[in-house]
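A quick write-up on the structure given underneath.
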Amino acid sequence: MTSTAQALGRYCLQAFSQQVPASLAAFYRIDAEQQACDFLLQDLQAPMHARYLAHYRAYDPLQPGRCLAIGQPVVSLRQGLACLPEAQGQTYRRFLAQHQVVDVVEIIAQVDARPVAGVSLLRCPDLGQFQADELERLLPLHGLMQLALASQAPARCVSPELTPRERQIAELLRQGCSNKLIARALGLGLPTVKTHLINLFRKLGVSNRTELVAQLYL
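Taking UniProt numbering, the leading residue of the sequence shown gets 1, the next gets one more, and so forth.
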């Protein structure tokens, strides 16, 4: 993510959290496959985020594509869960409960009818669930975020020639995860992680983790 995009992401997180308090938050870009990528986290710990990417993203009722199908710029967890099979929703609720998250709201911004970025706001028990009037207060900020994003070129996300596993590892590297944390999050052995890293370095023509992240995200 460029410095300009990072500044915009931090501004969005601050503005949304001030308007409607949140315990945790994340700003992200949305790639051509309607997948969230290039995350900027606020009070959201890397291990939780790594577990989400490795094991729970598929169960997330507030993925960008699912939010777009609901057709509203601000989507609550309740709305998202209503569109999922019950078993899938229960799996995702258990993941949230493990991290003391009681509610989530997603804000999706579009430019030229294409989703380009989003903000996740998460609440722990001390703040309780989001109320209807709070969701309404997010709508004007959503419009401002879309205007700001329209003035920027879309940021690059993980290269499409990578395998799904390589995409997972690249995103975890982006979050600063060590080889051990990547292995734990993905259920892999350390030698397997190292093999994937070697393949990533070769594909992208880089020699270390810093160059890899810069090649994919800067």
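Glycine is no exception: its CB is placed at the ideal position from the N, C-alpha and C atoms.
*asked:* Suppose you measure from the CA of residue 101 to the CA of residue 192; what does that come to, to the nearest Å?
replied: Residue 101 sits at position 101 when you count from the first residue of the sequence shown. Residue 192 sits at position 192 when you count from the first residue of the sequence shown. A straight line joining the alpha-carbon of residue 101 with that of residue 192 spans about 32 Å.
List in chain order: all unbroken alpha helix (DSSP H) runs of 4+ residues lying wholly within the stretch 179–205.
If we require 4 residues or more, the alpha helix (DSSP H) runs fully inside the stretch 179–205 come out as 179–186, 190–204.
Roughly how many whole angstroms lie between the Cα atoms of residue 162 and residue 198? Position 162 of the sequence shown, counting from 1, holds the residue named residue 162. Position 198 of the sequence shown, counting from 1, holds the residue named residue 198. Cα to Cα, residue 162 sits roughly 13 Å from residue 198.
Rounded C-alpha distance that separates residue 158 from residue 216: Residue 158 sits at position 158 when you count from the first residue of the sequence shown. Residue 216 sits at position 216 when you count from the first residue of the sequence shown. Summary for residue 158: the model assigns pLDDT 49, below 50, so the residue's position carries little reliability; its value from the coordinates is reported in the next sentence. Going by C-alpha positions, residue 158 is about 5 Å away from residue 216.
8 Å contact criterion, which residue 119 and residue 58 should meet: CB distance rounded: On the sequence shown, residue 119 is found 119 positions in, with the first residue counted as 1. On the sequence shown, residue 58 is found 58 positions in, with the first residue counted as 1. Actually they are not in contact, since the Cβ atoms of residue 119 and residue 58 sit about 21 Å apart, beyond 8 Å.
Using the three-state DSSP reduction, which class does residue 37 fall into: helix, strand or coil? Mapped onto the sequence shown, residue 37 falls at position 37. Of the three classes helix, strand and coil, the one that applies to residue 37 here is strand, per DSSP.
Under the rule that 16 or more other beta-carbon atoms within 10 Å means buried, what is residue 80, buried or exposed?
In the sequence shown, counting from the first residue as 1, residue 80 sits at position 80. Counting of Cβ neighbours within 10 angstroms places residue 80 among the buried residues, the total reaching 16 or more.
Under 7 Å Cβ to Cβ from residue 142, same chain only, skipping five residues before and after it: list those, please. Within the sequence shown, numbered from 1, the residue matching residue 142 stands at position 142. Within the same chain, Cβ atoms closer than 7 Å to the Cβ of residue 142 are found at 73, 74, 107, 109, the five residues on either side in sequence being excluded.
With a 10 Å radius around its C-beta and 16 neighbouring C-beta atoms as the bar for buried, classify residue 45 as buried or exposed. Mapped onto the sequence shown, residue 45 falls at position 45. Burial state of residue 45 is exposed, judged by a 10 Å Cβ sphere holding fewer than 16 other Cβ atoms.
message = Could you tell me the alpha carbon to alpha carbon distance between residue 206 and residue 65, rounded to whole angstroms?
response = Counting from 1 along the sequence shown, the entry for residue 206 is found at position 206. Counting from 1 along the sequence shown, the entry for residue 65 is found at position 65. A direct Cα-Cα distance of roughly 32 Å separates residue 206 from residue 65.
Sub-8 Å separation of residue 38 and residue 28 beta-carbons: As a working mapping, residue 38 is identified with position 38 in the sequence shown. As a working mapping, residue 28 is identified with position 28 in the sequence shown. Residue 38 is a Cβ neighbour of residue 28, given a cutoff of 8 Å.
Review point. Which of helix, strand or coil does DSSP assign to residue 120?
Key: Translated into positions along the sequence shown, residue 120 becomes position 120. The three-state reading of DSSP puts residue 120 in strand, counting E and B together.
Between the C-alpha atoms of residue 62 and residue 105, what's the straight-line distance to the nearest angstrom?
-> As a working mapping, residue 62 is identified with position 62 in the sequence shown. As a working mapping, residue 105 is identified with position 105 in the sequence shown. Their backbone Cα atoms lie some 8 Å apart in a straight line.
List the whole-angstrom C-beta distance separating residue 148 from residue 8, where the pair is believed to meet the contact cut-off of C-beta under 8 Å. The residue given as residue 148 occupies position 148 in the sequence shown. The residue given as residue 8 occupies position 8 in the sequence shown. Rounded, the Cβ-Cβ distance is 6 Å, consistent with contact.
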